[in-house]
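Enquirer: Here my numbering is used: position 304 in the sequence shown is 448, and no number is missing along the way.
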Amino acid sequence: MKSFKPNKKIKDNAYVGSIEKYNEIYDYSIKNPEGFWAEQAERITWFKKWNKVWNWDFDKADISWYEGAELNACYNCVDRHVDNGYGNEIALIWEGNDSSESKKLSYNNLLTEVQLAANSLKSLGVEKGDRVCIYMQMIPELTIALLACARIGAVHSVVFGAFSPDSLESRINDSECKVLVTQDTGVRGTKNDIPMKANADKAVKNTPSIEKILVVKRTGSPVEMEPSRDVWWHEAIASADSTCEPEIMNAEDPLFILYTSGSTGKPKGVMHTTGGYMVYTSTTHHYIFDYKPGEIYWCTADIGWITGHSYIVYGPMANRAVTVMFEGVPNYPDYGRFWEIVEKHKVNIFYTAPTALRALMKEGDDWPKKYNLESLRLLGTVGEPIKEPEWMWYHSIIGNQKCPIVDTWWQTETGGIMITPLPGVTETKPGSATRPFFGVLPELVDDDGNVLEGNNVEGNLVMQRPWPSIMRTVYGDHKRFFDTYFSRFPGKYFSGDGCKRDENGYYWITGRVDDVIIVSGHNLGTAEIEGSIGGHPDVAEAAVVGYPHDIKGNSIYAFVTLRTGREITENTRTEIAKIVRADIGPHATPEKIQFTEGLPKTRSGKIMRRILRNIASDNIDDLGDISTLADPSVVESLVNNRI
Ligand code: PRX
145 MKSFKPNKKI KDNAYVGSIE KYNEIYDYSI KNPEGFWAEQ AERITWFKKW NKVWNWDFDK
205 ADISWYEGAE LNACYNCVDR HVDNGYGNEI ALIWEGNDSS ESKKLSYNNL LTEVQLAANS
265 LKSLGVEKGD RVCIYMQMIP ELTIALLACA RIGAVHSVVF GAFSPDSLES RINDSECKVL
325 VTQDTGVRGT KNDIPMKANA DKAVKNTPSI EKILVVKRTG SPVEMEPSRD VWWHEAIASA
385 DSTCEPEIMN AEDPLFILYT SGSTGKPKGV MHTTGGYMVY TSTTHHYIFD YKPGEIYWCT
445 ADIGWITGHS YIVYGPMANR AVTVMFEGVP NYPDYGRFWE IVEKHKVNIF YTAPTALRAL
505 MKEGDDWPKK YNLESLRLLG TVGEPIKEPE WMWYHSIIGN QKCPIVDTWW QTETGGIMIT
565 PLPGVTETKP GSATRPFFGV LPELVDDDGN VLEGNNVEGN LVMQRPWPSI MRTVYGDHKR
625 FFDTYFSRFP GKYFSGDGCK RDENGYYWIT GRVDDVIIVS GHNLGTAEIE GSIGGHPDVA
685 EAAVVGYPHD IKGNSIYAFV TLRTGREITE NTRTEIAKIV RADIGPHATP EKIQFTEGLP
745 KTRSGKIMRR ILRNIASDNI DDLGDISTLA DPSVVESLVN NRI
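(1) Quick one: measure Cβ to Cβ for Val-618 and Arg-624, integer angstroms, because I've assumed they're closer than 8 angstroms.
(2) DSSP three-state label for Met-536, please.
(3) Measuring from the CB of Trp-483, is there a heavy atom of the ligand PRX at a distance below 7 angstroms?
(4) DSSP on Ser-208, reduced to helix/strand/coil?
(5) So, under 8 angstroms CB-CB, Val-276 and Ala-298 are touching, yes? Tell me the CB distance rounded to an integer number of Å.
(6) Less than 8 angstroms between the beta carbons of Ala-497 and Gly-452, yes or no?
(7) Taking 8 angstroms as the cut-off, does the segment 217-225 touch the segment 457-472 (at least 3 CB pairs, one atom from each stretch)?
(8) The beta strand (DSSP E) with Pro-398 in it runs from where to where?
(9) The ligand PRX and Ile-673: does the residue's C-beta get closer than 7 angstroms to at least one heavy atom of that ligand?
(10) Is there contact between the segment 182-195 and the segment 151-168, where contact requires at least three CB pairs shorter than 8 angstroms?
(11) What is the rounded straight-line gap between the Cα of Ala-503 and the Cα of Gly-665?
(12) Of all the options Ala-671, Arg-725 and Ile-728, which has the alpha carbon lying nearest to the alpha carbon of Gly-703?
(13) Kindly indicate which three-state DSSP category Ser-319 falls into: helix, strand or coil?
(14) What residues sit near the ligand PRX, counting only those whose C-beta is closer than 7 angstroms to one of its heavy atoms, in chain order?
(15) Let me confirm a value: Arg-521 is counted as buried when at least 16 other C-beta atoms fall within 10 Å, else exposed. Which label applies?
(16) Can you look up Ser-613 in the DSSP assignment and give me helix, strand or coil?
(17) Which word fits Phe-191, buried or exposed, when buried means at least 16 other C-beta atoms lie within 10 angstroms of its C-beta?
(18) Identify the continuous beta strand (DSSP E) that holds Leu-706 and give its terminal residues.
(19) Would you say Val-303 and Lys-356 are within 8 angstroms of each other, going by their C-beta atoms?
(20) Classify Gln-555: buried if its beta carbon has 16 or more other beta carbons within 10 angstroms, exposed otherwise.
(21) Determine whether the beta carbon atoms of Asp-328 and Gly-273 lie at a separation below 8 angstroms.
(22) Could you tell me which residues DSSP puts in a beta bridge with Glu-214?
(23) Indicate whether the contact test is met: 3 or more Cβ pairs, each with one atom in the segment 650-664 and one in the segment 474-490, closer than 8 angstroms.
(24) If you draw a straight line from the C-alpha of Ile-770 to the C-alpha of Asp-591, how long is it?
(25) Kindly indicate the opening and closing residues of the beta strand (DSSP E) around Pro-97.
(26) Between Met-562, Trp-181 and Asn-594, which has its C-alpha nearest Leu-585's C-alpha?
(27) Can you name, in chain order, every residue of its own chain whose Cβ lies under 8 angstroms from the Cβ of Ser-162, other than the five neighbours on each side?
(28) Should Gly-603 be labelled buried (16 or more other beta-carbon atoms within 10 Å of its own) or exposed?
(29) Applying the criterion that 16 or more other CB atoms from any shown protein chain within 10 Å of the CB defines a buried residue, is Arg-481 buried or exposed?
(30) Can at least three beta-carbon pairs, one atom from the segment 747-762 and one from the segment 685-701, be found at a separation below 8 angstroms?
(31) Tell me Ala-687's beta-bridge partners as DSSP assigns them.
(32) What are the uninterrupted segments assigned as alpha helix (DSSP H) that are 4 or more residues long and contained completely in the segment 498-563, given in chain order?
(33) Let me confirm a value: Pro-730 is counted as buried when at least 16 other C-beta atoms fall within 10 Å, else exposed. Which label applies?
(34) Answer with buried or exposed for Ser-631, where buried requires no fewer than 16 other C-beta atoms within 10 angstroms of its C-beta.
(35) Between Tyr-637 and Ile-614, which are expected to be in contact by the criterion C-beta below 8 angstroms, what is the C-beta distance as a whole number of angstroms?
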């Protein structure tokens, strides 16, 4: 087994530079969590301190942190840096889809822009506690919109810019957003007119709660504006007041909602609150990325996902980092784009997803070798298990064998990184997220909930106690919060992931154990896709599973049964794919669709996905026990007709 120790230079300069120090802090954080998290909370500027560090009862899914404390997330990310004399320092480096376009915003600039945007939202009727939906591509106004919401105490709900109008509509309705912020059209890679406003227009036909749409002019392409409802961002800020005091928020006031796919039903509105989230994201960003003042930090995620919320915006900005935001994609105009940006902005810390690394690795070493990557000193990954080949490529070709790699395991629900190496401490092993972060107490349990003690064990990954940025509820459905995370193993938070602990106590995430499929780092619920396929008039039933894919990690395989008497035409497949694209988005489109007379079901009618997963992955020699199937003969036909 390969393993890699941090080099002396990294260790000597890191905030935590030895395993002894890590053990000491970790032990303290576990033995005295309230003491530890009270100390870490000092990174945040509070208007009023808390009465109690934590209160929790997993049996009721009740969790609060820093109860009674007051703060403002935007104030912590912007104002206080200006107040402390750092206003001229760069906050945001924005790199456009075309390399000719880039912009730098100082903390002073950001403060100005955020106040104007905050007052614009207020003038559209947004008040503290109102929900604001944000549906944009990666442009500076997206970051500004988040911070503006936080400033006035509005709860943002960002919907990833590739979601379809239907997905946008259902998310807006679920949290009854009052205002929608979007842009005219978007540019991303070779796509130069992504119809953001037109999609928004379709969505809001059925969203009674939306009163106003605020539209950023990004491309200048013509879009329809409904005069009584739609307002241009540039016009709103031109007439907005320049000062807007940050609202005083309680630590447990909601900061944002972010939807994530679940194994059943519609997407869940994961709700995060203010105090604990700010403490945890800033603490993890500080230690895990070992961020030093002045360093250039680039997380390539989209702000439409939790990684962008926590590690482009809130964590880094609370730490007064220089954070890079990129509008484009890794392969436009060519496969050297990431590395060109690293060279151009002298990026020191680079955080990306395994799927991007696999796509880039496939194109060969010449692309990264064209650029000077000497500035890099720390690399990170997130979103799905990273396998050894891409880890080694990252380590040798991108990191020139000198950069530690932090493989960070976490979830939308956890708000921040939970299991990870620390750069100055951990001897990393390719593919392992290694050890828990401070204050995090993971456990592995078998399917009956028995705790698996010791090393060399594999089971379900649970957490024994909360950490400050754990989600607080599923918006509007606290029962679903309890049922999803705290009912399977009573008294514990269940992550939905399988995991093994090796002989050194290192954690290795093995993937989802529920019906969530991670495609290119995006979580997709099988139930949601099946529901969408079922919308085709000829479809009787569908079952969707994941199968391994070289670049995307997993891809989607749909087994579809048509209604009696319906014919498969040459268009059926494309029609189904089109429906899924329209209902959810292009990232959810099945790569393979197999039509079948029947699905493998137990006598009680439950589809045995294990069998379908094996067929989709071509593991046909070991399909497992099929004797409990109502009709075992369907299996043979499924195997013979696999794609
Ligand atoms: O299965 C795990 C996988 O991504 C899931 C969470 O997805 P999402 O909520 O979209 O958040 C992604 C960004 C934090 C997890 O349940 N996952 C995330 N990071 C890793 C990972 N699997 C293996 N290794 C990781 N480093």
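Even glycine gets a Cβ: it sits at the ideal position worked out from N, Cα and C.
Expert: The answer reads as follows:
(1) Rounded to the nearest angstrom, the Cβ distance from Val-618 to Arg-624 is 5 angstroms, consistent with a contact under 8 angstroms.
(2) Shown here, Met-536 sits in a helix according to DSSP, grouped into three states.
(3) Answer for Trp-483: no, Cβ out of range of the ligand PRX.
(4) DSSP places Ser-208 in the strand class (E or B) of the three-state scheme.
(5) For a cut-off of 8 angstroms, the C-beta gap from Val-276 to Ala-298 is around 5 angstroms, short enough to register as a contact.
(6) No. Outside cutoff.
(7) Taking 8 angstroms as the limit for Cβ pairs, the verdict is that the segment 217-225 does touch the segment 457-472.
(8) First-last of the beta strand (DSSP E) with Pro-398: 398-404.
(9) Between the ligand PRX and the CB of Ile-673, the shortest heavy atom gap is not smaller than 7 angstroms.
(10) Segments in contact, no.
(11) Note on geometry: alpha-carbon atoms of Ala-503 and Gly-665 lie some 13 angstroms from one another.
(12) It is Phe, not Gly, that sits at residue 703 in the sequence shown. Nearest C-alpha to Phe-703 among Ala-671, Arg-725 and Ile-728: Ala-671.
(13) Correct three-state label for Ser-319: helix.
(14) Counting every residue whose Cβ lies closer than 7 angstroms to a heavy atom of the ligand PRX, we get Thr-404, Trp-449, Ile-450, Thr-451, Thr-525, Val-526, Gly-527, Glu-528, Pro-529, Ile-530, Asp-551, Thr-552, Trp-553, Trp-554, Gln-555, Thr-556, Glu-557, Ala-577, Ser-639, Gly-640, Asp-641, Ile-653, Gly-655, Arg-656, Ile-662, Gly-665, His-666 and Asn-667.
(15) Looking at its Cβ environment, which holds 16 or more other Cβ atoms inside 10 Å, Arg-521 is buried.
(16) Three-state result, Ser-613: coil.
(17) Flag for Phe-191 reads exposed.
(18) Here the beta strand (DSSP E) through Leu-706 covers 697-706.
(19) Cβ distance not < 8 angstroms, so Val-303 and Lys-356 don't count as in contact.
(20) Gln-555 sits buried, since 16 or more C-beta atoms from the chains shown fall within 10 Å of its C-beta.
(21) Cβ distance not < 8 angstroms, so Asp-328 and Gly-273 don't count as in contact.
(22) Per DSSP, Lys-192 and Asn-394.
(23) Result no; under three Cβ-Cβ pairs closer than 8 angstroms.
(24) Distance between the alpha carbons of Ile-770 and Asp-591: 21 angstroms.
(25) The chain is shown only over 145 to 787; residue 97 falls outside these bounds and no answer can be derived.
(26) Nearest of Met-562, Trp-181 and Asn-594 to Leu-585, Cα basis: Met-562.
(27) Within its own chain, the residues whose Cβ lies closer than 8 angstroms to the Cβ of Ser-162, once the five positions on either side in sequence are excluded, are Lys-155, Gly-568 and Val-569, listed in chain order.
(28) It counts as buried.
(29) When all chains shown are included, Arg-481 counts as buried.
(30) With the cut-off at 8 angstroms, the segment 747-762 and the segment 685-701 touch.
(31) DSSP lists Phe-703 as partners of Ala-687.
(32) List check, alpha helix (DSSP H) in window: 498-506, 510-513 and 532-537.
(33) So Pro-730 ends up on the exposed side.
(34) Label assigned to Ser-631: exposed.
(35) So it is a contact: roughly 7 angstroms between Cβ atoms.
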